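S.K.:
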Amino acid sequence: MKSALFRPLLLAWLLCIPWFSAAATKPNIIYLLADDLGYGDLGSYGQKLIRTPRLDAMAKQGLRFTDHYSGAPSCHPSRCALFTGKHTGHGFIRNNSKIPLRPEDFTLSQMLKQAGYATGGIGKWALGDGDTTGAPWKKGMDEFFGYLDQTHAHGYYPDFLWRDGQRVDIPQNKNGKRAAYSHDLFVDFALDFIKRHKGGPFFFYGAFTIPHAEVTVPEDSLAEYRGRWPEPKKFEGSKTYCPQDQPRAVRAAMVTRLDRDVGRILDLLDELKLSENTLVIFTSDNGPIGAGGQDPEFFDSNGPLRDLKFTLREGGIRVPCLARWPGKVPAGATTDFPSAFWDMIPTLAELTGVSAPTGLDGVSILPTLLGQRAKQKPRDHLYWETAPAQALRQGHWKAYRAAPGRPLELYNLADDLGETRDVAKENPALVAKYETLLSQAHAESAEFPLAAKSKKGKQP
45 MKSALFRPLL LAWLLCIPWF SAAATKPNII YLLADDLGYG DLGSYGQKLI
95 RTPRLDAMAK QGLRFTDHYS GAPSCHPSRC ALFTGKHTGH GFIRNNSKIP
145 LRPEDFTLSQ MLKQAGYATG GIGKWALGDG DTTGAPWKKG MDEFFGYLDQ
195 THAHGYYPDF LWRDGQRVDI PQNKNGKRAA YSHDLFVDFA LDFIKRHKGG
245 PFFFYGAFTI PHAEVTVPED SLAEYRGRWP EPKKFEGSKT YCPQDQPRAV
295 RAAMVTRLDR DVGRILDLLD ELKLSENTLV IFTSDNGPIG AGGQDPEFFD
345 SNGPLRDLKF TLREGGIRVP CLARWPGKVP AGATTDFPSA FWDMIPTLAE
395 LTGVSAPTGL DGVSILPTLL GQRAKQKPRD HLYWETAPAQ ALRQGHWKAY
445 RAAPGRPLEL YNLADDLGET RDVAKENPAL VAKYETLLSQ AHAESAEFPL
495 AAKSKKGKQP
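The sequence shown runs 45 to 504 under the working numbering.
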């Protein structure tokens with residue numbers, strides 16, 4: 045009799061504990077972030093000219109997001125939104141600058157480190173130099189190898205990088221030599237990190253620097269695209285970017301090299317039998333760029349979306365996003381649930397069974413990731429600002445204002461994804477509603493005033 049009474053109680057208790065506790069370890073988490081990869085740059089999002097077979101396979105093996113958004117239309121504030129869980133109306137960093145995260149800015153990597161994860165990262169950090177409060181080793185990264193400053197990351201053959209607080213010389217690139225492609229160094233580090241931490245749990249942040257300009261790639265990738273298309277003109281170079289006589293071919297080769305190396309990471313997970321206990325997310329920090337020899341119009345890099353990086357039009361902030369986790373994330377699925385970078389902290393907090401910090405702007409999208417859309421908490425709206433512009437999405441409505449005092453524009457994304465028809469005049473009640481929401485979503489910032497562009501300037 046006692047046994048019969050006890051069994052239902054035991055079952056109820058088991059259903060209440062974190063789902064991962066039945067496994068040997070908490071799930072590993074790999075977050076891969078491309079740099080300036082547009083919404084239309086992958087075959088699974090409509091790309092016709094550039095080969096991306098591994099990422100297209102990842103889309104078939106997992107979940108493809110159609111309505112995922114970056115934290116901002118440029119790298120510095122976008123990464124701040126990802127790591128702090130706050131949109132640019134509340135987050136500390138709101139435009140590109142050299143300003144680091146503050147001590148009080150609690151990060152995604154700090155949360156996971158406290159949860160018992162080994163944490164590591166590569167590539168472009170852009171949240172604080174080594175002697176500042178925003179350095180990666182002060183923000184929860186056990187290991188980091190890469191660039192700290194986004195301008196330094198413009199060059200792919202650096203003569204030094206940073207490793208865990210130490211400047212590391214790259215002798216192969218000294219005195220103008222171009223022998224060690226930084227992206228390749230980062231991929232090697234990523235593979236080594238996964239091997240060393242295969243016992244888990246680990247969090248790995250792969251902040252790849254390609255296909256951001258400068259437009260350059262090793263010959264073994266360029267050979268596939270050399271001479272494939274007419275090159276309208278040679279890129280003569282600039283202060284931070286090298287010249288390039290075949291920028292279209294090189295840019296395509298950069299994307300395909302990125303695709304290849306994401307595949308190498310997935311293959312290693314399979315080889316080590318880690319795939320079924322590893323969530324992999326791939327996305328981009330913002331829309332495609334038109335500088336440094338890039339030709340987003342030729343490649344249709346923003347797909348059906350309007351404008352490019354640095355703008356709050358859809359082409360500047362809507363990005364590709366794929367998630368893979370065999371046996372957990374449904375294969376071949378697509379979701380149109382609107383999500384953004386600031387959802388990652390609450391999502392990974394729920395996944396790992398820890399409490400998320402208070403005061404976040406995001407919601408957990410774990411139910412969406414696991415194919416449980418009926419359990420997904422709805423969201424009211426998404427908000428962005430990049431001085432002096434503001435934007436907001438609620439449902440299928442997109443509100444945009446170019447600057448304080450300018451008229452609010454309104455677009456119905458359900459039938460006007462390219463934001464070509466401003467319907468504000470036909471919807472005065474919605475305009476009034478969104479004027480109020482724009483005002484409420486923006487908290488004043490002395491460092492990044494909305495009324496004018498940041499004095500720190502715009503850095504690609």
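Think of the CB as a built atom: it goes at the ideal place given N, C-alpha and C, for glycine as much as any other residue. None of the values given here were measured: they were computed from a predicted structure.
(1) State the Cα-Cα distance for the pair residue 254 and residue 196, rounded to the nearest angstrom.
(2) Residue 190 bridges to which residues according to DSSP?
(3) Just list the residues that DSSP pairs residue 72 with in beta bridges.
(4) Classify residue 122 as helix, strand or coil using the three-state DSSP reduction.
(5) Need the endpoints of the beta strand (DSSP E) that residue 378 sits in, please.
(6) Under 7 Å Cβ to Cβ from residue 304, same chain only, skipping five residues before and after it: list those, please.
(7) Would you call the region 73-83 and the region 244-261 in contact, with 3 or more CB pairs under 8 Å?
(8) Could you check the C-alpha separation between residue 118 and residue 317 for me, to the nearest Å?
(9) Label residue 280 either buried or exposed according to how many other C-beta atoms from any shown protein chain fall within 10 Å of its C-beta, with 16 as the threshold for buried.
(10) Unbroken beta strand (DSSP E) runs of length 3 or more, entirely within the region 370-450: which are they?
(11) Does the pairing of the region 273-290 with the region 298-312 give three or more beta-carbon distances under 8 Å?
(12) Assign residue 378 to buried or exposed, taking buried as 16 or more other Cβ atoms, counted over all protein chains shown, within 10 Å of its Cβ.
(13) With a threshold of 6 Å on Cβ separation, who are the neighbours of residue 290 within its own chain once the five nearest residues in sequence on each side are excluded?
(14) Pick from 184, 224, 237 and 231: whose alpha carbon is nearest that of residue 260?
(15) Suppose contacts are defined by Cβ-Cβ distances below 8 Å. Is residue 113 in contact with residue 404 by that definition?
(16) By alpha-carbon positions, which one of 310, 229, 394 and 342 ends up nearest to residue 100?
(17) If you check the beta carbons only, do residue 337 and residue 288 fall under 8 Å apart?
(18) How many Å lie between residue 495 and residue 159 at the Cα?
(19) Using the rule of at least 16 other Cβ atoms within 10 Å of the residue's Cβ for burial, across every protein chain shown, is residue 485 buried or exposed?
(20) Bridge partners of residue 250, per DSSP?
(21) Starting from the Cα of residue 165, find the closest Cα among 198, 452, 227 and 221 and give me that residue.
(22) Closer than 8 Å is the cut-off here; do at least three beta carbon pairs connect the region 378-392 with the region 346-353?
(23) Leaving out five residues on either side along the sequence, give the residues of the same chain with a beta carbon under 6 Å from the beta carbon of residue 176.
(24) So if DSSP puts residue 256 in a beta bridge, which residue, or which two residues, is it bridged to?
(25) For the region 449-503, list the beta strand (DSSP E) runs that are entirely contained and at least 3 residues long, ordered along the chain.
(26) With distances taken between CB atoms, is the gap from residue 364 to residue 107 smaller than 8 Å?
(27) Which runs of the alpha helix (DSSP H), 4 residues or longer, sit entirely within the region 75-111?
(28) Where residue 430 and residue 126 are concerned, what is the direct C-alpha to C-alpha distance, given to the nearest angstrom?
(29) Can you list, in chain order, the residues of its chain with a C-beta nearer than 6 Å to that of residue 409? Leave out the 5 residues immediately preceding and following it.
M.R.: Working from what's here:
(1) Here residue 254 corresponds to residue number 210 of the sequence shown, with the count starting at 1. Here residue 196 corresponds to residue number 152 of the sequence shown, with the count starting at 1. Here the C-alpha atom of residue 254 lies approximately 13 Å from the C-alpha atom of residue 196.
(2) Here the question's residue 190 lines up with position 146 in the sequence shown. Listed as beta-bridge partners of residue 190 by DSSP are 167 and 206.
(3) Reading the sequence shown from its first residue, position 28 is the one you call residue 72. BP columns for residue 72 point to 322.
(4) For the purposes of this step, residue 122 is identified with residue 78 of the sequence shown, where counting begins at 1. Three-state DSSP puts residue 122 in a helix.
(5) Counting from 1 along the sequence shown, the entry for residue 378 is found at position 334. For residue 378, the uninterrupted beta strand (DSSP E) run begins and ends at 377-379, by DSSP.
(6) As a working note, residue 304 is residue 260 in the sequence shown. Taking C-beta separations shorter than 7 Å and ignoring five residues to either side along the sequence, the partners of residue 304 in its chain run 98, following chain order.
(7) Output reads yes: the region 244-261 touches the region 73-83.
(8) On the sequence shown, residue 118 is found 74 positions in, with the first residue counted as 1. On the sequence shown, residue 317 is found 273 positions in, with the first residue counted as 1. If I take the Cα positions, the gap works out to 36 Å.
(9) One-based indexing of the sequence shown puts residue 280 at position 236. By the Cβ neighbour-count rule, residue 280 is exposed, with fewer than 16 other Cβ atoms within 10 Å of its own.
(10) Counting only runs of 3+ residues, the beta strand (DSSP E) found wholly inside the region 370-450 occupies 377-379, 426-430, 433-438 and 441-445, in chain order.
(11) Taking 8 Å as the limit for Cβ pairs, the verdict is that the region 298-312 does not touch the region 273-290.
(12) On the sequence shown, position 334 is the one that residue 378 refers to. Taking a 10 Å sphere around the C-beta of residue 378, we find fewer than 16 other C-beta atoms and assign the residue as exposed.
(13) Stepping through the sequence shown from its first residue, residue 290 is reached at position 246. Excluding positions up to five away in sequence, the list reads 275.
(14) Counting from 1 along the sequence shown, the entry for residue 260 is found at position 216. Comparing Cα-Cα distances from residue 260 to each of 184, 224, 237 and 231, the minimum goes to 224.
(15) Here residue 113 is taken as the residue at index 69 of the sequence shown, counted from 1. Here residue 404 is taken as the residue at index 360 of the sequence shown, counted from 1. Cβ distance not < 8 Å, so residue 113 and residue 404 don't count as in contact.
(16) Here residue 100 refers to the residue found at position 56 when the sequence shown is read from its first residue. Answer by Cα proximity: 310.
(17) In the sequence shown, the residue the question calls residue 337 occupies position 293. In the sequence shown, the residue the question calls residue 288 occupies position 244. At the C-beta level, residue 337 and residue 288 come within 8 Å of one another.
(18) Along the sequence shown, read from residue 1 onward, the residue named residue 495 stands at position 451. Along the sequence shown, read from residue 1 onward, the residue named residue 159 stands at position 115. Straight-line Cα distance between these residues: approximately 40 Å.
(19) The count along the sequence shown starts at 1 and reaches residue 485 at position 441. Per the 10 Å Cβ criterion, buried.
(20) What you label residue 250 is simply residue 206 of the sequence shown in a count that begins at 1. In the DSSP output, where bridge partners are listed per residue, residue 250 has 76 and 166.
(21) Translated into the one-based positions of the sequence shown, residue 165 becomes position 121. If we check each option's Cα against that of residue 165, 227 comes out closest.
(22) No, they do not touch.
(23) Position 132 of the sequence shown, counted from the start, is the residue given in the question as residue 176. Within the same chain, residue 176 has close Cβ partners 144.
(24) Locating residue 256 in the sequence shown gives position 212, where the first residue counts as 1. Note: residue 256 is not bridge-paired with any residue in the DSSP secondary-structure output.
(25) Taking only runs of at least 3 residues, the beta strand (DSSP E) segments lying wholly in the region 449-503 are 453-456.
(26) Locating residue 364 in the sequence shown gives position 320, counting from the first residue. Locating residue 107 in the sequence shown gives position 63, counting from the first residue. No, Cβ-Cβ distance for residue 364 and residue 107 is not below 8 Å.
(27) Counting only runs of at least 4 residues, the region 75-111 fully encloses the following alpha helix (DSSP H) elements, listed from N- to C-terminal order: 97-105.
(28) Within the sequence shown, residue 430 is the residue found at index 386, counting from 1. Within the sequence shown, residue 126 is the residue found at index 82, counting from 1. The straight-line gap separating the alpha-carbon atoms of residue 430 and residue 126 is approximately 16 Å.
(29) Numbered from 1 along the sequence shown, position 365 holds the residue referred to as residue 409. Take residue 409, set aside five residues on each side of it, and the residues of its chain with a beta-carbon closer than 6 Å to its own are 383, 387 and 391, in chain order.
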